[in-house]
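Student:
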Amino acid sequence: MTTIHDNLQSVHQRIASACAASRRKVSEVTLLAVSKTFGPDAVREASQCKQLAFGENYIQEAVEKIALLSELPLQWHCIGPIQTNKSRLVATHFDWAHTIDRLKLAQRLSEQRPSHLKPLQVCIQVNIDGSATKAGVAPDEVLPLARELMTLSGITLRGLMTIPEPAPGLAAQKAVHLRTRALFDELRAAGLPLDTLSMGMTADLEAAIAAGSTMVRVGTAIFGKRATAKAR
Ligand SMILES: *Cc1c(COP(=O)(O)O)cnc(C)c1O
196 MTTIHDNLQS VHQRIASACA ASRRKVSEVT LLAVSKTFGP DAVREASQCK QLAFGENYIQ
256 EAVEKIALLS ELPLQWHCIG PIQTNKSRLV ATHFDWAHTI DRLKLAQRLS EQRPSHLKPL
316 QVCIQVNIDG SATKAGVAPD EVLPLARELM TLSGITLRGL MTIPEPAPGL AAQKAVHLRT
376 RALFDELRAA GLPLDTLSMG MTADLEAAIA AGSTMVRVGT AIFGKRATAK AR
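Each residue of the sequence shown is one higher than the one before, counting from 196 in our numbering.
1) Taking 8 Å as the cut-off, does the segment 202 to 218 touch the segment 407 to 426 (at least 3 CB pairs, one atom from each stretch)?
2) Tell me, to the nearest whole angstrom, how far the beta carbon of Pro276 is from that of Leu247; I am working on the premise that it is less than 8 Å.
3) Tell me whether Gly386 is buried or exposed, calling it buried when 16 or more other Cβ atoms sit within 10 Å of its Cβ.
4) Less than 7 Å between the beta carbons of Ser305 and Ile350, yes or no?
5) Rounded to whole angstroms, what's the CA-CA distance from Ala405 to Leu382? Just pull it up for me.
6) Looking only at its own chain, which residues have a Cβ that is under 8 Å from the Cβ of Met196, when we skip the five neighbours before and after it?
7) Report the option in Thr391, Thr397, Thr423 and Leu378 whose CA atom is closest to the CA atom of Pro291.
8) To the nearest angstrom, report how far apart Asp296 and Lys329 are at their CA atoms.
9) Less than 6 Å between C-beta atoms, sequence neighbours within five positions excluded: which residues of the same chain meet that for His288?
10) Check whether the segment 415 to 425 and the segment 334 to 354 touch, using three or more Cβ-Cβ pairs below 8 Å as the test.
11) Under 6 Å from any heavy atom of ligand 1, does the C-beta of Met410 make it?
12) Tell me the start and end of each unbroken beta strand (DSSP E) in the segment 314 to 389 that is at least 3 residues and wholly inside, in chain order.
13) So, are the CB atoms of Ala402 and Leu365 less than 7 Å apart?
14) So is Gln368 buried or exposed if we call it buried at 16+ other beta carbons inside 10 Å?
15) Which of helix, strand or coil does DSSP assign to Ser393?
16) Can you give me the Cβ contacts of Asp324 inside the same chain, cut-off strictly under 7 Å, excluding the 5 residues immediately before and after it?
17) Any idea what DSSP makes of Cys273, helix, strand or coil?
18) Along the chain, where does the alpha helix (DSSP H) that runs through Met286 open and close?
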């Protein structure tokens, strides 16, 4: 009990300090606990500390966990890549999807979202630092995609999500996050009603909050180090 409890407390403390440093309200930043590779017991433990929003990367693993924990009032966020043939699982089991990177995927989620559920809340994943290997939409393709997403039923576009390459130190991290923030401000100025900037992880949440993040996705600092090279 104590470890996850204590870890959550120190993450909340980090968020509070970062908010204070940039004169933001703590209530502007949501903590998403990234529970990938950890079992249902870890999630249950976090939920007993009032953590109710969880992020998962691997869809099959997540769907099993979600089923095992269905008695709890949890909110599930898909933060991993979504292969087209997995879209129905995402549309059926998740509350949010942060990794929309193509219109085709959004269209499928829109069609597959069960009508008795609230619309799936979505973010466009932006490849903000142009890394060749990374998923995400190029910055100049975000506005046209966002406009298309606004026309779809069953999904609600909330904002942008990024996973920048690790950068050394607060200033370098913040510089990258500020580019996402600038793009977010542009989209809002163009009339898109966005309210979510999903950026910042264990290593860079302070920089992300300084740049305007509204949702930090934290795994390691809450649940500990993940086993590497887990077969799936
Ligand atoms: C794993 C993961 C995180 C959490 O990373 P930590 O460094 O463990 O906090 C956040 N976002 C995404 C997309 C991830 O895949």
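For glycine and all other residues, C-beta sits at the position ideal for the given N, C-alpha and C.
Tutor: In short, the structure shows the following:
1) These segments touch.
2) Not really, about 24 Å apart at Cβ, beyond 8 Å.
3) It counts as exposed.
4) It is a contact, given that the beta carbons lie within the stated cut-off.
5) Between the alpha carbons of Ala405 and Leu382 lies a distance of about 20 Å.
6) For Met196, the pLDDT reaches just 49, beneath the cut-off of 50, and the residue's location in the model is therefore unreliable, although a value from the coordinates is still provided. The residues Glu240 and Gln243, in chain order, have a CB closer than 8 Å to that of Met196 in the same chain once the five nearest residues on each side in sequence are set aside.
7) With the sequence shown as reference, residue 291 is identified as Trp, and Pro is not the correct amino acid for it. Closest option to Trp291, Cα to Cα, is Thr391.
8) One C-alpha to the other measures close to 11 Å.
9) The answer, listed in chain order, is Val258 and Ile261.
10) Too few Cβ pairs lie closer than 8 Å, so no.
11) Closer than 6 Å to some heavy atom of ligand 1: that does not describe the Cβ of Met410.
12) As far as the segment 314 to 389 is concerned, its whole beta strand (DSSP E) runs of at least 3 residues are 315 to 320 and 350 to 356.
13) At the C-beta level, Ala402 and Leu365 come within 7 Å of one another.
14) Counting Cβ neighbours within 10 Å, Gln368 comes out buried, since at least 16 surround it.
15) When secondary structure is reduced to three states using DSSP, Ser393 falls in the strand class.
16) Within the same chain, Asp324 has close Cβ partners Pro359, Glu360 and Val371.
17) Residue state, collapsed to three classes: strand.
18) Correcting the residue type first, residue 286 is Ala in the shown sequence and not Met. From DSSP, the alpha helix (DSSP H) with Ala286 extends over Ser282 to His288.
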